[in-house]
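Each remark here refers to the structure printed beneath this line.
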Amino acid sequence: MIDSKGCFITGTDTGVGKTYIAARLIRGLQNLGISVRPRKPVESGCSLEDGCLVPEDALLLSNTAGNLEPLDRVCPYRFAAPISPERAARMERRSLSLQDLVAACQIHAQHFLLVEGAGGFHSPIASNSLNADLAQALGLPIIIVAADRLGTINQVLLTAEAVINRRLDLLAVILNQIEPCTTTGDMNNAEDLQIWLNNVPIIQTPYGNGTISAESLEVIRPLLERLTVLN
Ligand SMILES: Nc1ncnc2c1ncn2[C@@H]1O[C@H](COP(=O)(O)OP(=O)(O)O)[C@@H](O)[C@H]1O
Ligand SMILES: [Mg+2]
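Position one of the sequence shown corresponds to residue 82 (my numbering), numbered consecutively onward.
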């Protein structure tokens, strides 16, 4: 467990917009006067530049937060192979334990801890450990990010069930428009999911151009306000 307020960003998959949404949460919280410390405790698929492994997600989160800490602290564990961190560590014969990742997420209690997982809630993240184990060990409330497209209802409900089974607080589901047009015809995942997740805010975030626009912050405002009053 950790002492600070915070949240854990997970997803229904890799590439659904966890980092994209995390960056907007960081900026939105900072606009509300909250001092955010992002963590991407382990990142695989890092590119090699001048002999250093560059963690793109951690870099984006750190830049958005204003680079208040060294990148080594935001993301201490890095792997080149674009596979799960657990397997990447195993292939390099390096040890990566849940305790290592929990330790990497320790921050001063007065700051807000925003953790981005790796892959989805049941993706392996360390030796014998899933993202779910990390979230549970940290005791953080969860935000599920999903790409808003056909098939999403099933993926969100499976993930939500796993979160609830861990007795973690499900703060919100973000249905993210990762392509200009991924919704078709009469589809309305937000409306349909609300039937099953009746107490959980479901937020649709629009396709964007990379900049953190005022509009993209406006749609997540209810979530930002909830984050500021967490216990
Ligand atoms: N709402 C959005 N509008 C435009 N591009 C997006 C949006 N959400 C995500 N993307 C893009 O989709 C790709 C995958 O998003 P990313 O946040 O890296 O996913 P994850 O962290 O879940 O792997 C990135 O190139 C990101 O910039
Ligand atoms: Mg990411």
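All residues carry an ideal CB built from backbone N, CA and C; glycine is no exception.
Taking the beta strand (DSSP E) that residue i belongs to, which residues open and close that run?
i	result
residue 120	117-120
residue 155	Not the beta strand (DSSP E): residue 155 falls in the alpha helix (DSSP H), residues 152-155.
residue 283	283-286
residue 259	Element bounds for residue 259: n/a, residue is neither H nor E.
residue 97	No beta strand (DSSP E) contains residue 97, which DSSP labels as neither H nor E.
residue 197	193-197
Rank the options by C-alpha distance to the C-alpha of residue i and give the top, closest one.
i	options	result
residue 256	137, 132, 301, 155	301
residue 218	249, 229, 237, 123	249
residue 90	310, 227, 198, 291	198
residue 152	164, 165, 161, 138	138
residue 148	158, 108, 160, 308	108
residue 228	101, 82, 291	101
residue 239	174, 171, 191, 277	277
residue 82	131, 291, 190, 271	190
residue 261	103, 160, 168, 287	287
residue 171	160, 180, 181	160
Indicate the three-state DSSP secondary structure (helix, strand or coil) for residue i in the structure shown.
i	result
residue 226	strand
residue 147	coil
residue 113	coil
residue 136	coil
residue 245	helix
residue 107	helix
residue 90	strand
residue 210	strand
residue 185	helix
residue 142	helix
residue 129	strand
residue 233	helix
residue 218	helix
residue 304	helix
Based on DSSP bridge pairs, tell me the residues matched to residue i.
i	result
residue 159	124
residue 170	Bridge partners of residue 170: none, in fact.
residue 205	211
residue 253	224
Below 8 Å on the Cβ atoms is my contact criterion, and I expect residue i with residue j to pass it. Report the Cβ-Cβ distance as a whole number of Å.
i	j	result
residue 206	residue 123	6 Å
residue 133	residue 224	Their Cβ separation, rounded to whole angstroms, is 30 Å, which puts residue 133 and residue 224 out of contact at 8 Å.
residue 94	residue 266	With a Cβ gap of about 23 Å, residue 94 and residue 266 do not count as contacting.
residue 119	residue 146	5 Å
residue 165	residue 125	7 Å
residue 92	residue 226	5 Å
residue 73	residue 106	The requested residue 73 is not part of the displayed model; the chain covers only 82 to 312.
residue 121	residue 155	6 Å
Kindly indicate the opening and closing residues of the alpha helix (DSSP H) around residue i.
i	result
residue 276	270-277
residue 311	That residue, residue 311, is in no alpha helix (DSSP H); it is neither H nor E in DSSP.
residue 165	From DSSP, residue 165 is part of no alpha helix (DSSP H); its letter is neither H nor E.
residue 298	295-300
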